[in-house]
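Right, one structure below, let's go through it.
Residue numbers (our numbering): 174 to 566.
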């Protein structure tokens, strides 16, 4: 038996943020990041709409990029004191992911972080509160997914928490928020969305329900990302919807080892923190070449290429041209081709790669990758992504 889960309601279109004034409830805690939502006036809009709805509000601010276990615990404590019946998070993936994890600890104070690391092991939520997510970036799609990524900075490891319980009740996908993204963030989040859709399509858990969402998202990213990067408002809107479609796909089909690698390398190197979307963009062509050794994955990658208008006389040629197209996008988006070019020091990479490979194989996203992998193969693959060498194994 399979399952397909999405938010109960999804509101989209310019200005749809005002739906908050129709919300029913008594108290809402609003979880937000470092200040851009306040600076651009969107946080005030949220608070004013909630006031109009007659809902008392409290803020939990300054969730850091790649939120920590400590931040999650502080937020849960604030929730236990305020006792909201709505948890509302606005911003990029970080505050929304953090708020999802806070939700679990708010409702179940005795739960430990380690209890939640095992995929699909959350206790039953919505005992005290419902959840509403408002994304300001066009990549993570956490507003429609069953995932949250939290970092343990004592170990440098990112943990993807997975459970359908943390799929938000309501998603408010207002493209006006995405218009405020700087170009670099637009590039990284856009390639994150592309990776989500491609990995969902080739995942071992793909289905007739997820495939159309994944393919449409891939098509939209190929059509809109460069113009969105350049600042085109209409393209920004379409990318905001494309990433949401990709999220619907991967939340139900799951992901693969591009994300496993990104999760375990993002905070691993002292010589450079690798933004999640940037890491995905670097790793994606290498992983496609690795996974294409599996016949089913090879056929699916070739279909993706044809679906977006890439030509080739064979599956091998189609996949090569798909990877070349992704490489070209990375160049145009100022994304490095490999980890060495990114700036990771060679000595540190060599010192840590074996351990990173072991952790990446154990990541929650590895299980649905279309080709099986072990730590030895993962280390070889990571070495290719460091030096930019061909994946021929």
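For glycine and all other residues, C-beta sits at the position ideal for the given N, C-alpha and C. For clarity, every value in this text was computed on a predicted model and none was experimentally measured.
Residues in its own chain within less than 8 Å of residue 309 by CB, not counting five upstream and five downstream? Excluding residues within five positions, the ones whose Cβ falls inside 8 Å are 209, 210, 215, 263, 264, 265, 350, 351, 353, 354.
Kindly list the residues whose CB is nearer than 6 Å to the CB of residue 554, restricted to its own chain and excluding five residues on each side of it in sequence; keep chain order. 463
Exposure of residue 316, with buried meaning 16 or more beta-carbon neighbours within 10 Å: buried
Please report the distance separating the alpha-carbon of residue 529 from that of residue 502. One C-alpha to the other measures close to 27 Å.
Using a 10 Å radius around the Cβ and a threshold of 16 neighbouring Cβ atoms, would you call residue 233 buried or exposed? With 16 or more other Cβ atoms inside 10 Å of its own Cβ, residue 233 counts as buried.
Assign residue 487 to one of two classes, buried (16 or more other C-beta atoms within 10 Å of its C-beta) or exposed (fewer than that). exposed
Measuring alpha carbon to alpha carbon, tell me which residue in 418, 431, 304, 396 is nearest residue 382. 418
Alpha carbon to alpha carbon, how far is residue 359 from residue 431? Give it in angstroms, no decimals. Cα-Cα distance, rounded: 19 Å.
When we look at the beta-carbon of residue 468 and count the other beta-carbons within 10 Å, is it buried (16 or more) or exposed? exposed
Span separating the alpha-carbon of residue 543 from that of residue 393: 24 Å
When you compare the CB positions of residue 236 and residue 230, do they come within less than 8 Å of one another, or not? Not in contact: residue 236 and residue 230 (Cβ atoms no closer than 8 Å).
What is the residue span of the beta strand (DSSP E) that residue 234 lies within? Careful: residue 234 lies outside any beta strand (DSSP E) and carries neither H nor E.
Exposure of residue 278, with buried meaning 16 or more beta-carbon neighbours within 10 Å: Around the CB of residue 278, 16 or more other CB atoms lie within 10 Å, so the residue is classed as buried.
With distance defined between alpha-carbon atoms, name the residue in 337, 517, 377 nearest to residue 440. 517
Check whether the Cβ atoms of residue 445 and residue 515 lie closer than 8 Å to each other. Remark: C-beta atoms of residue 445 and residue 515 approach each other more closely than 8 Å.
Close beta carbons around residue 246, own chain, < 7 Å, minus the five adjacent residues each side: 278
Endpoints, the beta strand (DSSP E) within which residue 261 is located: 259-264
Which first and last residues belong to the beta strand (DSSP E) in which residue 324 is found? 320-325
Quick test of your reading: residue 336 and residue 293, contact by CB under 8 Å. State the CB separation rounded to the nearest angstrom. 5 Å
Just to confirm before moving on: does the CB-CB distance between residue 507 and residue 175 stay below 8 Å? no
Terminal residues of the beta strand (DSSP E) in which residue 406 lies: Unbroken run through residue 406 is the alpha helix (DSSP H), 406-426; no beta strand (DSSP E).
Helix, strand or coil at residue 530 [DSSP, three-state]: helix
Among 423, 405, 407, which residue has its Cα nearest to the Cα of residue 372? 423
Those residues which DSSP pairs with residue 182 across a bridge: 343
Looking only at DSSP bridge pairs, what is residue 241 linked to? 324
Of the residues 401, 331, 427, 347, which one's Cα is nearest the Cα of residue 375? That would be 427, whose Cα lies nearest to the Cα of residue 375.
Between the Cα of residue 442 and those of 328, 433, 413, 510, spot the shortest distance and give me the residue it belongs to. 328
What span of residues does the beta strand (DSSP E) with residue 366 cover, start to end? Run containing residue 366: none in the beta strand (DSSP E); it sits in the alpha helix (DSSP H), 356-375.
Cβ pair count under 8 Å reaching 3, the stretch 337-348 against the stretch 394-404: no
Pick out whichever of 200, 323, 489 has its Cα sitting closest to the Cα of residue 241. For the set 200, 323, 489, the Cα lying nearest the Cα of residue 241 is the one of 323.
Nearest to residue 454 by alpha carbon, out of 491, 505, 550, 261? 505
For residue 303, is the classification buried or exposed, using 16 other Cβ atoms within 10 angstroms of its Cβ as the cut-off for buried? buried
Determine the DSSP secondary structure at residue 525, reduced to helix, strand or coil. helix
Let me know if residue 177 comes out buried or exposed under the rule of 16 or more other beta-carbons within 10 Å of its beta-carbon. exposed
Should residue 181 be labelled buried (16 or more other beta-carbon atoms within 10 Å of its own) or exposed? exposed
Taking Cβ positions, are residue 342 and residue 305 nearer each other than 8 Å? yes
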